[in-house]
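Undergrad: In my numbering, the protein residues as written are 10 to 362. For each residue, glycine too, the CB sits at the ideal point set by N, CA and C. Quick one: this structure, given as structure tokens, is what I'll be asking you about.
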Amino acid sequence: PWLAPHGGGADVVVAGFQEVVPLTATNVALASNTSNSDLWDERLDAMLNAGAGDERAYVQLVAETMVGVHLAVWVRASLASHVEGLNAAVVGTGAMGFMGNKGAVVARFKLHDSSFVFVNTHLSSGQSSTAHAKRNADVAEILRRCPSIDGHDVQVWLGDLNYRFAPDAAAIAEITQLITAGDWSALRGFDELSREMGAGRVFTGGWREGPIAFPPTYKYRRGTNSYALGLEGECATGPDVHDGNNKDGAGGPRSSDSGGESGNDAAKAAALEKEKVRRPAWCDRILVRTRARAGTLERVDVVAYDAVGALCCSDHKPVTAVLSVEARRVDAERLGGVRMEVRRQLDLIEMEA
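Structure representation (structure tokens):
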């Protein structure tokens, strides 16, 4: 259900992963471990084509990996013959400014007569007062080294953008209360990405995001729907904010259940105490932009934008978006007729001259 929310039936399906492999020195240096990304592609392909029989419903166009950043794209099989100009690239912005532990995987293609680009990113982490500036610089560097992003009709930027609640945000206790109350508007006022975009320091020129009406997607106790909250030296248990989204115990054990009544419970509690704590944040985002071409604009509507609370294997919750795109399609027969008429008129002008 998380792969095809709101009934599914998409013409194009895009999946972006970050840290699909551990960011060890070996994995970053060699950048050749694709076993996990290959497994994800196999699983997702099977889900998309479940029940299709011998006739595949979807065809995979893109499977591109840079260390832990993986981008996969499928298109409906009936549209595959209308795809042109498929290309993929990677931009490393991590260690030494170019290693692939951070950066982007970019895929672009033309469907009918509209061009699309998808940018899956893992930006610099950190919650210091200057960390957001490094993330802004990452975005600028990706756009500098992959300038063709700006030239596409439909642009989608997704991934772990890593923007946090600003250091001058409310105390953890107040943030927790706002999350529990579902006061997303008040929380948005603390969001670094919203502030930076509003100030024109990043994602300028028409980038936008759907309304956020879901809890912050980071940082969770793995296997639970409870936040790992607090600042340095402070540890707290967050609300089970996604509890209503989980069925049949999908949320796993809550961190508040580790009461120390047994050896296992004590071990769990000790492990949780050692785990790094972070302010909650909307790290995981999906942004869209369109560009004007020949006086017109491809229309992109954000039909749905949500986080998937049922997935508890990470300290992040993945986000999903359903986009409705009015792609351009030139009527070749009518275009041919117009061209013939133009030639005829030019011939008449030449004869009269």
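#1: Can you round the beta-carbon distance between Val317 and Leu332 to whole angstroms, since I take them to be within the 8 Å contact cut?
#2: Glu361 by DSSP, collapsed to three states: which one?
#3: Could you pull the start and end residues of the alpha helix (DSSP H) that Ser124 belongs to?
#4: Taking DSSP as the reference, what is the three-state secondary structure of Ile295?
#5: If contact is defined by three or more beta carbon pairs under 8 Å, each pair taking one atom from either stretch, is the segment 183–192 in contact with the segment 159–172?
#6: Would a C-beta distance cut-off of 9 Å place Ala237 and Arg173 closer than the cut-off?
#7: Tell me where the alpha helix (DSSP H) around Asp54 begins and ends.
#8: Taking C-alpha atoms, which residue in Leu170, Trp291 and Gly198 lies nearest to Tyr363?
#9: Please list the segments of the alpha helix (DSSP H) lying wholly inside the segment 155–195, counting only runs of 4 or more residues, in order along the chain.
#10: Considering only the beta carbon of each residue, do Ile151 and Thr130 sit closer than 9 Å?
#11: Does at least one heavy atom of the ligand HEM sit under 8 Å from the Cβ of Val351?
#12: Check each candidate in Ala24, Arg85, Ala19 and Val29 and name the one with the smallest Cα separation from Cys322.
#13: I'd like to confirm the pairing. Which residues does DSSP put opposite Leu332 in its beta bridges?
#14: Leaving out the 5 sequence neighbours to the left and right, which residues in its chain are closer than 7 Å to Asn42 when beta-carbon positions are compared?
#15: Between the Cα of Arg144 and those of Ala116, Gly112 and Ser124, spot the shortest distance and give me the residue it belongs to.
#16: Alpha carbon to alpha carbon, how far is Leu95 from Tyr314?
#17: Check each candidate in Arg85, Val76 and Ser123 and name the one with the smallest Cα separation from Asn110.
#18: With 16 as the cutoff for other CB atoms within 10 Å, does Arg294 come out buried or exposed?
#19: Tell me whether Arg210 sits in a helix, a strand or coil according to DSSP, three-state version.
#20: Let me know if Ala330 comes out buried or exposed under the rule of 16 or more other beta-carbons within 10 Å of its beta-carbon.
#21: Could you please give the first and the last residue of the uninterrupted beta strand (DSSP E) stretch that includes Asn96?
#22: Cα-Cα, which of Glu361, Arg348, Arg338 and Arg353 is closest to Ser123?
#23: Using CA coordinates, which residue listed in Gly60, Phe125, Ser46 and Asn45 is at the minimum distance from Glu335?
#24: Just to confirm my understanding: we take Gly25, look at its own chain, exclude 5 residues before and 5 after, and list those with CB closer than 7 Å. What are they?
#25: Does the distance from the CB of Ser46 to the CB of Ala72 come in under 9 Å?
#26: For a test of the three-state rule: what should DSSP assign to Met349, helix, strand or coil?
#27: What does the alpha-carbon distance come out to for the pair Ala341 and Asn58?
#28: Span of the beta strand (DSSP E) holding Met108?
#29: Is Lys143 helix, strand or coil by DSSP?
#30: If you draw a straight line from the C-alpha of Met349 to the C-alpha of Leu320, how long is it?
#31: Tell me which residue opens and which closes the beta strand (DSSP E) that Leu80 is part of.
TA: On the basis of the data shown:
#1: Position 308 of the sequence shown holds residue 317. Position 323 of the sequence shown holds residue 332. Taking a contact as a CB-CB distance under 8 Å, the pair Val317 and Leu332 does not count as one, their CB atoms being some 17 Å apart.
#2: For the purposes of this step, residue 361 is identified with residue 352 of the sequence shown, where counting begins at 1. Correct three-state label for Glu361: helix.
#3: Numbered from 1 along the sequence shown, position 115 holds the residue referred to as residue 124. In the DSSP assignment, Ser124 falls outside any alpha helix (DSSP H) and lies within the beta strand (DSSP E) extending over Ser123 to His131.
#4: By one-based count along the sequence shown, residue 295 stands at place 286. Look at Ile295 here: in three-state DSSP terms it is strand.
#5: Result no; under three Cβ-Cβ pairs closer than 8 Å.
#6: As a first step, residue 237 must be located in the sequence shown, where it is residue number 228. As a first step, residue 173 must be located in the sequence shown, where it is residue number 164. It is not a contact, given that the beta carbons lie outside the stated cut-off.
#7: Taking the first residue of the sequence shown as 1, we reach residue 54 at position 45. Taken as a continuous stretch (DSSP letters only), the alpha helix (DSSP H) holding Asp54 covers Ser44 to Leu57.
#8: No answer is possible for residue 363: it lies beyond the span of the chain, which begins at 10 and ends at 362.
#9: 181–190, all fully within the segment 155–195.
#10: For the purposes of this step, residue 151 is identified with residue 142 of the sequence shown, where counting begins at 1. For the purposes of this step, residue 130 is identified with residue 121 of the sequence shown, where counting begins at 1. Cβ distance < 9 Å, so Ile151 and Thr130 count as in contact.
#11: Annotation note on the ligand HEM: not contained in the displayed structure, which lists no ligands.
#12: Along the sequence shown, read from residue 1 onward, the residue named residue 322 stands at position 313. Of Ala24, Arg85, Ala19 and Val29, the residue nearest in Cα terms is Val29.
#13: Start at 1 with the first residue of the sequence shown, and residue 332 comes out as number 323. Answer by DSSP bridge pairing, in chain order: Val311.
#14: Locating residue 42 in the sequence shown gives position 33, counting from the first residue. Sequence-distant Cβ neighbours of Asn42 in its own chain, meaning closer than 7 Å and more than five residues away, are Val30 and Asn36.
#15: Looking up residue 144 in the sequence shown gives position 135. The shortest Cα separation from Arg144 among Ala116, Gly112 and Ser124 belongs to Gly112.
#16: Here residue 95 refers to the residue found at position 86 of the sequence shown. Here residue 314 refers to the residue found at position 305 of the sequence shown. Looking at the backbone, the Cα of Leu95 and that of Tyr314 are separated by about 27 Å.
#17: In the sequence shown, residue 110 corresponds to position 101, counting from 1. That would be Val76, whose Cα lies nearest to the Cα of Asn110.
#18: As a position in the sequence shown, residue 294 is number 285, starting the count at 1. Answer is buried; the Cβ neighbour count reaches 16.
#19: The count along the sequence shown starts at 1 and reaches residue 210 at position 201. DSSP places Arg210 in coil when its eight states are reduced to three.
#20: Translated into the one-based positions of the sequence shown, residue 330 becomes position 321. Buried, since its Cβ has 16 or more Cβ neighbours within 10 Å.
#21: On the sequence shown, position 87 is the one that residue 96 refers to. Residues Val92 to Gly101.
#22: Translated into positions along the sequence shown, residue 123 becomes position 114. Of Glu361, Arg348, Arg338 and Arg353, the residue nearest in Cα terms is Arg338.
#23: As a position in the sequence shown, residue 335 is number 326, starting the count at 1. It is Phe125.
#24: If you number the sequence shown from 1, residue 25 lands on position 16. Excluding residues within five positions, the ones whose Cβ falls inside 7 Å are Leu80, Asn129, Leu167 and Gly168.
#25: Along the sequence shown, read from residue 1 onward, the residue named residue 46 stands at position 37. Along the sequence shown, read from residue 1 onward, the residue named residue 72 stands at position 63. Going by C-beta atoms, Ser46 is nearer than 9 Å to Ala72.
#26: Locating residue 349 in the sequence shown gives position 340, counting from the first residue. In the structure shown, the three-state DSSP call for Met349 is helix.
#27: Position 332 of the sequence shown, counted from the first residue, corresponds to residue 341. Position 49 of the sequence shown, counted from the first residue, corresponds to residue 58. Computed Cα separation, rounded: 32 Å.
#28: As a first step, residue 108 is located in the sequence shown; it is residue number 99 there, counting from the start. Here Met108 belongs to no beta strand (DSSP E), and DSSP marks it neither H nor E.
#29: Counting from one through the sequence shown, the residue named residue 143 turns up at place 134. DSSP, reduced to helix, strand and coil, places Lys143 within a helical segment of the structure shown.
#30: Position 340 of the sequence shown, counting from 1, holds the residue named residue 349. Position 311 of the sequence shown, counting from 1, holds the residue named residue 320. A direct Cα-to-Cα measurement between Met349 and Leu320 gives close to 57 Å.
#31: Within the sequence shown, numbered from 1, the residue matching residue 80 stands at position 71. Counting along the chain, the beta strand (DSSP E) containing Leu80 begins and ends at Val78 to Arg85.
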